[in-house]
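Residue numbers for the sequence shown follow our numbering, beginning at 108 and rising by one. By construction, the Cβ of each residue, glycine as well, lies at the ideal position given by its N, Cα and C atoms. These numbers were taken from a predicted model, which means no experiment stands behind them. Notes follow once the structure below has been shown.
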Amino acid sequence: MATTRILEWLGRLYIVLLLAFLYLPIVIMAAMSFNASPFYQLPFEWTTDWYQSLWQNDQLIAATWNSIEIAVITTLISTVLGSMASLALYRYEFHGKKVLQALLFPPIAIPWLITGTAMLIFFFGVGIGRGLVAILLGHVALALPYVIVVVSARLQTFAPELEEAARSLGANQWQVTMRVTLPWIMPGVIAGGLFAFAVSFDQFVVSYFLSTPGQTTLPVEIYAAIRKGFTPEI
């Protein structure tokens, strides 16, 4: 009994220390952002000047809105196309299906530096060039495999008998998809959409290759600001 209690106590202590290791630096950074000194030093002098400076930084605000808009559009496009592709791969057998499924994983595994370089060459080759449109297309290409993988994994737990039962009751294919299949895979669709948003909003490498002055995203703008000098504003 005593050994069990000691192990439980050690387990709880480990979890507390792990959470402190992960989140304490973030808490310290958030607290020091209210310090008048641009360096993380004491004594602490309360100020909100850094936040006022942040809201007056039009370039950073514009980049933030660009990131939000691109991430939202990327999420919508990737979720719709990825869910449709997952359903097609699940329902239909066709020549080259295994090869197509295998090609979904390289975009996830290949380093983004190589992907960004390839996209830059490709977009210039087809006449798109760099800019927000190129960034959006690049983010969709990166996020789409995540959605397909997550939704396909959810479909592996689906029981085809449910669709057959719905058809036997007179439902057409559209009704079967909307009332039976879609509700079942919805957790996977939501998870895939969250993955797509996170990949797009946090993407730096591909955005860096495809951005232009005045058409950047938040990670690229933060990187440029840090190169000039680190302040609590960042």
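Same chain, Cβ closer than 8 Å to residue i, neighbours up to 5 away in sequence not counted
i	result
A278	R286 and V287
V327	A170, F311, S314, Y315 and S318
F212	P252 and V256
P320	none
A331	T323
L207	L196
Span separating the alpha-carbon of residue i from that of residue j
i	j	result
T222	L244	13 Å
F231	V134	43 Å
A266	A209	24 Å
E115	V123	12 Å
K204	L188	17 Å
I175	F308	7 Å
L131	G118	19 Å
L301	T155	32 Å
A225	L239	17 Å
Q282	E268	15 Å
L120	W219	38 Å
L129	S275	53 Å
L227	E200	34 Å
L126	Q280	48 Å
N173	L325	7 Å
A272	T284	13 Å
Buried or exposed (CB count within 10 angstroms, at least 16 for buried), residue i
i	result
Y158	exposed
R334	exposed
I292	buried
G299	buried
R261	buried
V233	exposed
F316	buried
I113	exposed
A178	buried
V306	buried
T264	exposed
I217	exposed
L160	Sequence check: residue 160 is Ser here, not Leu. That one is exposed.
T111	exposed
Residues that residue i bridges to, as DSSP identifies them
i	result
Q322	T319
W153	N142
Residue i, enclosing alpha helix (DSSP H) - first and last residue
i	result
L227	W219 to G232
I297	L289 to F308
N173	D165 to R198
G245	L239 to L262
G118	A109 to M139
L276	From DSSP, L276 is part of no alpha helix (DSSP H); its letter is neither H nor E.
L207	K204 to A209
A216	P213 to A216
Cut-off 7 Å between Cβ atoms - residues of its own chain near residue i, not counting five sequence neighbours on either side
i	result
S185	V247, A250, L251, V254 and A303
A241	F230, I235 and L317
Spatial neighbours of residue i in its chain, beta-carbon cut-off 6 Å, leaving aside the 5 residues before and after
i	result
G295	V257, V258 and R261
L167	E328
R237	L317 and T319
Residue i CB to nearest heavy atom of the ligand FAD below 7 Å
i	result
F141	This structure simply doesn't include the ligand FAD, nor any ligand for that matter.
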